[in-house]
Amino acid sequence: MAWQTPKTDWTAKDAVTVNDLNRIEGNIAELKKAATIDVADVAGNFTSSPKTVENVLNEIAGDVKNGKTAIANAITSMGQSAAATDTFDTLATKIRAISTDATAVEGDVLSGKTFYAGGSKKTGNLVIDGTKFIKSIQSGTSGWADGTVKIPINPVDTNKAIILIEPYAAYSSSWYLYLKNAYFSASNEISVVVGSYQNTPNAADYVYRSFVWKVIEFQPNIIRSIQRGSGYTFSKYVDITISPVNLSKSILFVQGFAVVAGSSEYYIYTAAAGTLINSNTLRILYHNSATNLFSVDYFWQLVEFA
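So the sequence shown is residues 152 to 457, counted in my numbering.
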């Protein structure tokens, strides 16, 4: 039964007829139908037309469904399973679970930077400070002489320190220079093993034979181990077995060189380098710029960080 215009001009003399009652009851029944009830929507929240209760409810239901689908897709993109059919409580639980599988902690993130882990927002406290990694650095120069050059240094923990040697030389009529080894002979002394061979000795040549030395001592808490060794080779490479290390936390230092100088300022330079082949093998690589092979002395230091 369709809506009928109600009688609005009743007087005390008017009697209620059967038709009046039928109209009133019919209109009451019609009012119970959502499709016929208008929504004022003074704030303009809905776009339905006509703005009946039924249309507005359908619009709300569609928005909710689309919203839940978007939320579920966002959760899924963050590595968690979710569906538009999940309840709001379920979706809320899954949102809070997004960062529960994160492995970072405050000490892994720079101080002042924020991140999410364990279901909550956190602030990093990692401070990049050179003093947290390097305890001390010492350096100096020394003249070149045959044999072992002993150099006094400030005391260091030799199990947490390395030695770097940077040789340099000048022209001579005929000589052979080589760097064999460098090691800690005491906590307050390094020994650098060097040598030369000269067909026609010339004391002035030693003025130009020098090297720069550096001692780097690391903070003890960042070093897991330091392995060392030395040797010499004629081969293009030599493999050395070491105690196993974590390749992603280790760095290899290899030093060793020889220079042969002849007439007309002709120089032959040979050098050693190195790389880690696997967790328990390092390889010394040998470079020779001459047609005839010369041997090269080398020493290596392998630092594994904690």
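Even for Gly, the Cβ is constructed at its ideal location relative to N, Cα and C.
{"Asked": "Taking the straight line between their C-alpha atoms, what separation do you get for Arg174 and Trp161?", "Found": "14 Å"}
{"Asked": "Taking Val204 and Ile188 to be in contact with their CB atoms under 8 Å, please state how far apart those CB atoms are, rounded to whole angstroms.", "Found": "4 Å"}
{"Asked": "Which residue or residues does DSSP assign as beta-bridge partners of Val450?", "Found": "The amino acid occupying residue 450 in the given sequence is Phe; Val does not appear at that position. Ser381, Gln406."}
{"Asked": "Rounded to a whole number of angstroms, what is the C-alpha to C-alpha distance between Tyr359 and Asn276?", "Found": "The pLDDT assigned to Tyr359 is 49, lower than 50, so where the model puts this residue is not dependable, and the model offers no usable value."}
{"Asked": "Please report the distance separating the alpha-carbon of Asn217 from that of Ile211.", "Found": "10 Å"}
{"Asked": "Would you call the segment 394-408 and the segment 300-317 touching, i.e. three or more CB-CB distances under 8 Å?", "Found": "yes"}
{"Asked": "Drop a sphere of 10 angstroms on the beta-carbon of Glu176, count the other beta-carbons inside from all chains shown, and report buried for 16 or more, exposed for fewer.", "Found": "exposed"}
{"Asked": "For Ala268, which option in Asp259, Ser262, Ala255, Asp280 has the closest C-alpha, if you only look at C-alpha atoms?", "Found": "Ala255"}
{"Asked": "Please classify Ser232: is it buried, with 16 or more other beta-carbons within 10 angstroms of its beta-carbon, or exposed?", "Found": "exposed"}
{"Asked": "For Lys158 and Lys164, what's the separation of their Cα atoms in angstroms?", "Found": "14 Å"}
{"Asked": "Do you know how far the Cα of Arg247 is from the Cα of Leu271?", "Found": "It is worth fixing the name first, because residue 271 is Ser in this sequence and not Leu. Approximately 8 Å, taken between the alpha carbons."}
{"Asked": "Just mark Phe284 as buried or exposed, buried being the case when its beta carbon has 16 or more other beta carbons within 10 Å.", "Found": "exposed"}
{"Asked": "Compute the distance between the beta-carbons of Glu455 and Ser399, then report whether it is under 8 Å.", "Found": "no"}
{"Asked": "Using beta-carbon positions only, say whether Leu453 and Ser381 come within less than 8 Å of one another.", "Found": "no"}
{"Asked": "Can you tell me where the beta strand (DSSP E) holding Thr236 begins and where it ends?", "Found": "From DSSP, Thr236 is part of no beta strand (DSSP E); its letter is neither H nor E."}
{"Asked": "If you drop the 5 nearest sequence neighbours on each side, which residues of the same chain put their C-beta closer than 6 Å to that of Thr342?", "Found": "Correcting the residue identity first, residue 342 is Ser in this sequence and not Thr. Excluding residues within five positions, the ones whose Cβ falls inside 6 Å are Thr299, Lys301, Tyr334, Ser336."}
{"Asked": "Hey, how far is the Cα of Lys286 from the Cα of Asn310?", "Found": "13 Å"}
{"Asked": "Enumerate in chain order the residues of its own chain whose CB-to-CB distance from Asn178 is below 8 Å, with the five nearest sequence positions on each side excluded.", "Found": "Trp154, Gln155, Pro157"}
{"Asked": "Ser228 to Gly213, Cα distance in whole Å?", "Found": "23 Å"}
{"Asked": "Within a Cβ cutoff of 8 Å, which residues of the same chain sit near Ile288, ignoring the five residues on either side of it in sequence?", "Found": "Lys365, Val366, Ile367, Glu368"}
{"Asked": "In the DSSP assignment, what residue or residues form a beta bridge with Leu277?", "Found": "Leu261"}
{"Asked": "Put Asp214 into one of helix, strand or coil per three-state DSSP.", "Found": "helix"}
{"Asked": "Taking C-alpha atoms, which residue in Asp308, Ser394, Phe239 lies nearest to Ser430?", "Found": "Ser394"}
{"Asked": "Straight-line CA distance for Asp448 to Val389?", "Found": "12 Å"}
{"Asked": "Which class does Asn145 belong to by DSSP, given the choice of helix, strand or coil?", "Found": "Only positions 152 to 457 of the chain appear in the structure, and residue 145 is not among them; the question remains open."}
{"Asked": "Find out if the Cβ-Cβ distance for the pair Val190, Val215 is shorter than 8 Å.", "Found": "no"}
{"Asked": "Going by DSSP, what residue range makes up the beta strand (DSSP E) through Phe369?", "Found": "361-369"}
{"Asked": "Could you give the first and the last residue of the continuous beta strand (DSSP E) run that contains Lys286?", "Found": "285-294"}
{"Asked": "Do you know offhand how far Ser462's Cα is from Asn397's?", "Found": "Since the first residue of the chain shown is 152 and the last is 457, residue 462 is not available in this structure."}
{"Asked": "Among the residues of its own chain, which have a CB less than 6 Å from the CB of Ala253, if the five just before and after it don't count?", "Found": "Ala268"}
{"Asked": "Return helix, strand or coil for Ile374, following the three-state DSSP convention.", "Found": "strand"}
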